[in-house]
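Written out below as structure tokens is the structure these notes cover.
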Amino acid sequence: MTDTSEQDERRRRTEAYRQAGRRLSRHSAEGTVGGALAALAADAGEVFDLGTGVDIYGDGVVAEVEQRVAALLGFPDAAFFPTGTMAQQVALRCWAGRTGNATVALHPLAHPEVHERGALTAVSGLRTVHPTDAPRLPTAQEVQDFDEPFGTLMLELPLRDAGFVLPTWDELVAVVAAGRERDAVVHFDGARLWECTAHFGRSLAEIAGLADSVYVSFYKSLGGLSGAVLAGDSSLIAEARTWRHRYGGQVFQQFPAALSALVGIERELPRLASYVAHAKVVAEAIGEGLREGGVSWFRVNPEAPHTHQFQVWLPYGADVLNEASVRLAEETGVVLFSRWAEAVGGPV
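Residue numbers (my numbering): 38 to 385.
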């Protein structure tokens, strides 16, 4: 497909989804610039004094976001980053220097391994190893028995490409303890940590408190414009701010992203538990519908979602399914699945 035809197809898809009267979920990427600006202008005054001066290199509303997230996660300090990729690069680089070991143990389906073009190695000189390749987080036994040393154990909560899956609370506690027994520090990729509290039955601070550092994102579950925060102890975050500048992340002004993050914390965060509960209802209904429709093979993964997101597997290519989704929207005004992707790692 040429660039022109791809753009035309995207415009067609976006228009069909915007016009749909019924949708399972909406994505901010399908909105308009004017709509996004109007929404932020309408909401921001409820979460921050708009008479305050704009931020300059991380003060003002950006510092407010850092303080709010540090308090929510139970850490002494936090640093705002323009992207989660940069935040984790910096965190893992800092830990490599402190442990004297540049090897990071993580899952082969973790975001840095699948979606960042080898940046951990190419940019930060880190090496990655995999205690397991099963479509779940590693167990304590797998970490204990892994046959080479590592300085950092990175756990993605939830593991997105395996189906947004989580361990049990006891399993998480055990694998963290196993990492520490290997003299490793523990870092949580918590891009979607916000929605994990219902599954674990623990607060954000209790979950984050298991780790030495945690990264969280604002534009996923909380619906922000962009941005991320890295939380940890004061010494780590001071060093992280230095590396953030070196990596090009010391941005002059970020108040739109910071304001949208505060809106998400105030508005979306309290709703996430209800979204998780509703996802279980939706997943069950989808499974029943596919069975009744006589689909030859399908998989709802996990069958009972651990968070408010889950996967639906069908025996067709992504292009075929995306076209079917657009036609459904155009012909019926209903959007069930807005974007299909080719498989990365299959369910078991």
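Glycine is no exception: its CB is placed at the ideal position from the N, C-alpha and C atoms.
Since the model is a prediction, treat every value here as computed from it, not as a measurement.
Practice prompt. In the DSSP assignment, find the unbroken alpha helix (DSSP H) run with Asn359 in it and report its ends.
Written response: Taking the first residue of the sequence shown as position 1, residue 359 is located at position 322. Residues Ala355 to Thr369.
Worksheet item: With DSSP run on the structure shown, which of helix, strand or coil describes Trp334?
Response: By one-based count along the sequence shown, residue 334 stands at place 297. Coil at Trp334, not helix or strand.
Item to complete: At 3 residues or longer, and completely inside the region 256-294: list those beta strand (DSSP E) runs for me, N to C.
Response: 265-269
Worksheet item: Distance, Cα to Cα, Gly68 vs Tyr256?
Response: To locate residue 68, count along the sequence shown from 1; it is residue 31. To locate residue 256, count along the sequence shown from 1; it is residue 219. Between Gly68 and Tyr256, the C-alpha separation is close to 14 Å.
Practice prompt. Output the distance between the C-alpha atoms of Gly90 and Gln290, rounded to the nearest integer angstrom.
Written response: The count along the sequence shown starts at 1 and reaches residue 90 at position 53. The count along the sequence shown starts at 1 and reaches residue 290 at position 253. About 11 Å.
Worksheet item: Are the Cβ atoms of Gly370 and Gly58 separated by less than 7 Å?
Response: By one-based count along the sequence shown, residue 370 stands at place 333. By one-based count along the sequence shown, residue 58 stands at place 21. In contact: Gly370 and Gly58 (Cβ atoms closer than 7 Å).
Fill in: Span separating the alpha-carbon of Ala211 from that of Ala177
Reading the sequence shown from its first residue, position 174 is the one you call residue 211. Reading the sequence shown from its first residue, position 140 is the one you call residue 177. When rounded, the distance between both Cα atoms is 6 Å.
Practice prompt. Please state whether DSSP places Ser250 in a helix, a strand or coil.
Written response: For the purposes of this step, residue 250 is identified with residue 213 of the sequence shown, where counting begins at 1. The answer is strand: DSSP assigns Ser250 an E or B state.
Worksheet item: What are the complete beta strand (DSSP E) segments, minimum 3 residues, inside the region 186-211?
Response: 189-193
Worksheet item: Does the region 199-214 touch the region 127-140, meaning 3 or more C-beta pairs lie closer than 8 Å?
Response: no
Worksheet item: Roughly how many whole angstroms lie between the Cα atoms of Ser375 and Ala361?
Response: The residue you call residue 375 lines up with position 338 of the sequence shown. The residue you call residue 361 lines up with position 324 of the sequence shown. One C-alpha to the other measures close to 10 Å.
Practice prompt. May I ask you to report which of helix, strand or coil DSSP gives Thr51?
Written response: Position 14 of the sequence shown, counted from the start, is the residue given in the question as residue 51. In the structure shown, Thr51 sits in a helix (DSSP, three-state: H, G or I).
Worksheet item: Just curious, the beta strand (DSSP E) that Asp2 is in, first and last residue?
Response: Outside the modelled stretch of the chain, which goes from 38 to 385, sits residue 2, for which no answer is possible.
Fill in: Any chain C beta carbon closer than 7 Å to Arg239
Within the model displayed, chain C is absent; a lone protein chain is all it includes.
Practice prompt. Give the straight-line distance between the Cα atoms of Pro293 and Val363, rounded to the nearest whole angstrom.
Written response: Along the sequence shown, one-based indexing puts residue 293 at 256. Along the sequence shown, one-based indexing puts residue 363 at 326. Each residue's alpha carbon lies about 31 Å from the other.
Worksheet item: Is the distance from the Cβ of Gly269 to the Cβ of Tyr252 below 7 Å?
Response: Walking along the sequence shown from the start, residue 269 turns up at place 232. Walking along the sequence shown from the start, residue 252 turns up at place 215. It is not a contact, given that the beta carbons lie outside the stated cut-off.
Worksheet entry | Residues bridged to Trp350 [DSSP beta-bridge criterion] | If you number the sequence shown from 1, residue 350 lands on position 313. DSSP lists Arg336 as partners of Trp350.
Fill in: Neighbour-count burial assignment, His394, 16 or more Cβ in a 10 Å radius
A question about residue 394 goes unanswered here, because the residues of the chain that appear run from 38 up to 385.
Worksheet item: Three or more beta-carbon pairs under 8 Å between the region 219-235 and the region 298-313, yes or no?
Response: yes
Worksheet entry | Residue ranges of each alpha helix (DSSP H) within the region 124-152, 4 or longer | 148-151
Fill in: Proximity below 7 Å, CB of His224 to CB of Met191
Position 187 of the sequence shown, counted from the start, is the residue given in the question as residue 224. Position 154 of the sequence shown, counted from the start, is the residue given in the question as residue 191. For His224 and Met191, yes; Cβs fall inside 7 Å.
Worksheet item: Across which residues does DSSP place Phe225 in a beta bridge pair?
Response: Here residue 225 refers to the residue found at position 188 of the sequence shown. Per DSSP, Leu192 and Val251.
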